[in-house]
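The listed protein sequences derive, respectively, from chains A and B.
For the record, in the first sequence the residue sitting at position 87 is 88 according to this note's numbering, with numbers rising by one throughout.
For the record, in the second sequence the residue sitting at position 184 is 185 according to this note's numbering, with numbers rising by one throughout.
A virtual CB, placed ideally from N, CA and C, is assigned to each residue, including glycine.
Scroll down for the structure; my scribbles are underneath it.
2 protein chains.
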Amino acid sequence: MFTQITIIGMGHIGSSLARGISQMGLCDRLIAVDADEDVCNAVDTLGLADTATTNAVEGVQGSDLVILCIPVGSIGKVVASIAPFLMPKAILTDVSSVKQSVVNAVLPLLPESVSFVPAHPIAGTEHSGPESGFAELFKDRWCILTPSPDTNIRAVEAITKLWEAFDAKIEIMDPAHHDLVFGITSHLPHLIAYTIVGTATELEDDIQSEVIKFAASGFRGFTRIAASDPTMWRDVFLNNREAVLESLQRFSEDLSAMQKAIRRGDGDYLFNKFTETRKIRREIMKLGPEGYPNPQRMAIDSDPCDD
Amino acid sequence: MFTQITIIGMGHIGSSLARGISQMGLCDRLIAVDADEDVCNAVDTLGLADTATTNAVEGVQGSDLVILCIPVGSIGKVVASIAPFLMPKAILTDVSSVKQSVVNAVLPLLPESVSFVPAHPIAGTEHSGPESGFAELFKDRWCILTPSPDTNIRAVEAITKLWEAFDAKIEIMDPAHHDLVFGITSHLPHLIAYTIVGTATELEDDIQSEVIKFAASGFRGFTRIAASDPTMWRDVFLNNREAVLESLQRFSEDLSAMQKAIRRGDGDYLFNKFTETRKIRREIMKLGPEGYPNPQRMAIDSDPCDD
């Protein structure tokens, strides 16, 4: 599929891609780049790539595909350093949870012959690091591509085939629209989970130990989300600021209304709200675990995003 | 264990108890009471009890154990109607998620010879109704008992044995303290999940359909919680008002601080908060899925409270 692939950032997603690319033989030569020497050593020990290096400039030379698997906040700086060394007609892609700010940062830096095809695989766990990856992570999950209208169509096709090799399902979207949708469906829930678990960390010690002990039912699921990578999520919030603040504003208004109903003892308001929310769950369950009907998986009600 | 048991309310929890009591032969005769005739018919069809009746007064006569499995808001009225007909030395218990208001409502109504042993099994799914129950629901889960200091000790022992027969693990707690702990670990997370899913129901139709389609990662787990029984949860919030409003106040302050950090681009604040929350997750994972170390279950990382 490719002659040489370079993955920059060998964390959970990068190492999952490396495993799959090797297992499926999607290139002749796989190069892993990570700024952390310990991670490079782990990549060598785990045999995840043909070469592992901390030097991104060396690592991208001669590659017809470069995949950025680093936090959003690092992308501009890394692309600025590697751009002059990218092969003519190389394809650059990423896996970031935020798309518009990445497009804005990357496009002005690229030589004309290099194509950028931004991608966001909707997959991941709360685990981090090269040891935690696995090739099946993307199976039956969405992968959103947000190419500009003038992107080379063969580059978009190549990235589509890459993700289809992982059994991911492709959707093309405008980057700003992507950020709006995932601001609600992913970023806001993460912010709220981080906040509620943070609220618990500030409780008096005796209550806190009981909250941990009896963490079933609700809170427990929040702690899994709130164990996600801090650097990645800091950068998501800083780079999708407007959409997150907008959806947070709507949420806060709705929470105030709930608070008022509880304070006033307005049981009808609560009952009606709690009934409406069941509808969305039913629609989601109709779509199956992957967000689209898949007869092979409809029987499975486990959700890889939960514990 | 008992001669005759009456379960009032044959929903998810009541029908789970009925299945286990029958399977384990914990009484000679099991009577099911439910105000809804359709539920009584379902109980007959499913063979969940020896008799099913809509008449609670008839249903409790001659029973040495009566288990209330109805929403918190209905308990006062039901107990007022059955109290004169309870057998001398009968034991009354419940399964409510709120304890102080139940104790306040029930104790003044009971004849002196009847013992009330309030209970809260920390178990359940988002499903409702007599069809959805299963006897294993309480296995390896906590069951909190909140008896008054002057409760007959043999009644407390009998309820302890009942739950131990279901392989639940018992903890004794003061009712007000119970409400404070579960206000944080269960009630507040449910309120927030209901709110965020409610916020999504008010989005423009095109965005809403995409939120449903791409509901992985965070939001999906919230929709499961927000599909819980509306009547039960309305009554929880109305009956644990002070503790819920107090923890909601703390949460709102922390959420405002997050919002301000995002608006100002304060990455250090976000990073530090997101790092602290990982600690609580680690402590919870150390305790295992049930909230206490259980070598047989430590290997299982699935959480029955998630999807």
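Does the structure place the stretch 257-277 of chain B close enough to the stretch 183-198 of chain A that three or more beta carbon pairs sit under 8 Å? yes
Is there at least one non-hydrogen atom of the ligand HEM closer than 7 Å to the beta-carbon of B:Glu127? As for the ligand HEM, it is missing from this structure, which has no ligand bound.
Pull up the DSSP beta-bridge partners for B:Lys170, would you. B:Lys170 is bridged to B:Trp143.
Just to make sure I have the definition right: I need the residues of chain A whose C-beta is within less than 7 Å of the C-beta of B:His191. Which are they? Here the neighbours are Gly219.
6 Å CB neighbourhood of A:Ala201 in its chain, flanking five on each side removed: Val212
I'd like to know whether the C-beta of B:Arg155 is nearer than 8 Å to at least one C-beta of chain A. no
Select from A:His188, A:Thr152, A:Ile22, A:Glu165 the residue whose C-alpha is nearest the C-alpha of A:Asp175. A:Thr152
Rounded distance between the beta-carbons of B:Ala136 and B:Asp95, thought under 8 Å: Actually they are not in contact, since the Cβ atoms of B:Asp95 and B:Ala136 sit about 19 Å apart, beyond 8 Å.
On the three-pair Cβ rule with 8 Å, is the stretch 234-249 of chain A touching the stretch 168-187 of chain A? yes
The stretch 245-257 of chain B: positions lying closer than 9 Å to chain A by Cβ: Val245, Leu246, Ser248, Leu249, Gln250, Arg251, Phe252, Ser253, Glu254, Asp255, Leu256, Ser257
Between the CA atoms of A:Leu189 and A:Ser248 - distance to the nearest angstrom: 7 Å
List, in order along the chain, the chain A residues whose C-beta lies closer than 7 Å to that of B:Ala201? Ile185, Ile281
Based on Cα-Cα distance, which residue from A:Ala50, A:Leu110, A:Arg142 lies nearest to A:Ile76? A:Leu110
For A:Gly10, which residues from the same chain have a beta carbon less than 7 Å from its beta carbon, with the 5 sequence-adjacent residues on both sides left out? Asp35, Leu69, Cys70, Ile71
Cβ closer than 7 Å: which chain B residues qualify as neighbours of A:Pro231? Phe272, Phe275, Thr276
Scan the stretch 47-123 of chain B and note each continuous beta strand (DSSP E) run of 3 residues or more that stays entirely inside, going in chain order. 52-54, 66-69, 92-95, 116-118, 120-122
Less than 8 Å between the C-beta atoms of A:Ile32 and A:Thr52, yes or no? yes
Among residues of its own chain, excluding the 5 on either side of A:Ile22, which ones have a beta-carbon nearer than 7 Å to its beta-carbon? Same-chain partners within the cutoff: Ile6, Cys28, Leu31.
Determine, using beta carbons only, whether A:Val115 and A:Phe86 come nearer to each other than 8 Å. no
Minimum C-alpha distance to A:Gly134 - residue among A:Glu284, A:Lys170, A:His13, A:Thr186: A:His13
Residues that A:Leu239 contacts on chain B, provided the C-beta gap is smaller than 8 Å: Ile263, Gly266, Gly268, Leu271
In chain B, which residues lie with their C-beta within 7 Å of the C-beta of A:Thr196? Among the residues of chain B, those whose CB is under 7 Å from the CB of A:Thr196 are Phe252, Asp255, Leu256, Met259, following chain order.
Within 8 Å, do at least three Cβ pairs link the stretch 201-210 of chain B to the stretch 270-287 of chain A? yes
Any contact between the stretch 220-233 of chain A and the stretch 148-165 of chain B? By contact I mean 3 or more CB pairs, one from each, below 8 Å. no
Against chain A, with Cβ distances strictly below 8 Å, would B:Phe3 count as a contact? no
For A:Thr46, count neighbouring Cβ atoms within 10 angstroms of its own Cβ and tell me buried if that reaches 16, exposed if not. exposed
Since A:Glu205 meets chain B, which of its residues come closer than 9 Å, beta carbon to beta carbon? The premise fails here: A:Glu205 is roughly 10 Å from chain B at the closest Cβ pair, so nothing lies under 9 Å.
Which of helix, strand or coil DSSP assigns to B:Thr152: In this structure, B:Thr152 counts as coil in the three-state DSSP scheme.
DSSP three-state call for A:Asp308: helix, strand or coil? With a pLDDT of 28 at A:Asp308, under the threshold of 50, the predicted position of this residue should be treated as unreliable, and no value is reported.
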